[in-house]
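A quick write-up on the structure given underneath.
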Amino acid sequence: MLKKYTVLVTAIFVVSVVSGYLYANSNPYESARVMQELSGELGWVTDLDPVLILFAIFLNNAVKSFLAIILGVLVIVPIMFIVLNGYILGIVMCESARLEGLLYVAAAILPHGIIELPMILLSAALGTRIGAMVLLRISGKITAEEIISTLKWSISVYFRWILPLLFVAAVIETFITPAVLRILG
Numbered sequence: 158m159l160k161k162y163t164v165l166v167t168a169i170f171v172v173s174v175v176s177g178y179l180y181a182n183s184n185p186y187e188s189a190r191v192m193q194e195l196s197g198e199l200g201w202v203t204d205l206d207p208v209l210i211l212f213a214i215f216l217n218n219a220v221k222s223f224l225a226i227i228l229g230v231l232v233i234v235p236i237m238f239i240v241l242n243g244y245i246l247g248i249v250m251c252e253s254a255r256l257e258g259l260l261y262v263a264a265a266i267l268p269h270g271i272i273e274l275p276m277i278l279l280s281a282a283l284g285t286r287i288g289a290m291v292l293l294r295i296s297g298k299i300t301a302e303e304i305i306s307t308l309k310w311s312i313s314v315y316f317r318w319i320l321p322l323l324f325v326a327a328v329i330e331t332f333i334t335p336a337v338l339r340i341l342g
């Protein structure tokens, strides 16, 4: 039952990444401005102790993933979460590829992204499923108890799988990804 939502959010994510990449590629000055804004907003993180960076990354991903699940009751929130994150990732990938090359982009994303992205997508899929169930409830096709049961199950998946794997991804992003980039640099 979750498979169709996972496929849906993954497809939306891929389209969003490609859209962000194509936008950045055709609007280099605007995408450079977006990158400067992101650097300004997130620049303070790079000055932190690595352990604090680890917890900042973990907390950011943990909170956003949890909200994507529980705010699924508002129907559109998990989809908007995926669209926004995919679009920004596409812009960052394009700008990074322009400045550093595709190998750099792969090295910057793959070590932690191979764990982090599936957990983010799973969170959005769970939230989207809950949103779809809310729509079914409004039309009288399911009961509120079914939504509550699915919400409880989704939260258990979050604590059992998503949260621990987001922590692993944050450790990799904090300690391994920078080491890989230094080797390439």
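The opening position of the sequence shown corresponds to residue 158 in the working numbering, with each subsequent residue numbered one higher.
All C-beta atoms in this analysis are idealised placements derived from N, C-alpha and C, irrespective of residue type, glycine included.
If you're wondering where the values come from, they're calculated on a predicted model, not measured in any experiment.
Item to check | Exposed unless 16 or more other CB atoms sit within 10 angstroms - verdict on Met192 | outcome: buried
Item to check | Whole-angstrom C-beta distance between Ile319 and Met276, which should lie under 8 Å | outcome: Right, the Cβ-Cβ distance comes to about 5 Å (below 8 Å), so this counts as a contact.
Item to check | Candidates Pro268, Tyr178 and Thr285, of which the one nearest Ser323 by Cα | outcome: Reading off the sequence shown, one finds Leu at residue 323, where the question assumed Ser. Nearest C-alpha to Leu323: Pro268.
Checklist entry - If you draw a straight line from the C-alpha of Gly197 to the C-alpha of Ser188, how long is it? => result 14 Å
Next on the checklist: The alpha helix (DSSP H) that contains Ser306, what's its start and end?
Outcome noted: Ala301 to Val314
Item to check | Supposed contact pair Ala281 and Ile227 - C-beta distance, whole angstroms, cut 8 Å | outcome: That pair is no contact at about 12 Å.
Next on the checklist: For a test of the three-state rule: what should DSSP assign to Met192, helix, strand or coil?
Outcome noted: helix
Next on the checklist: Taking only three categories from DSSP, how would you classify Lys221?
Outcome noted: helix
Next on the checklist: I need the DSSP call for Lys298, collapsed to helix, strand or coil.
Outcome noted: coil
Checklist entry - In three-state DSSP terms, what is Leu159? => result coil
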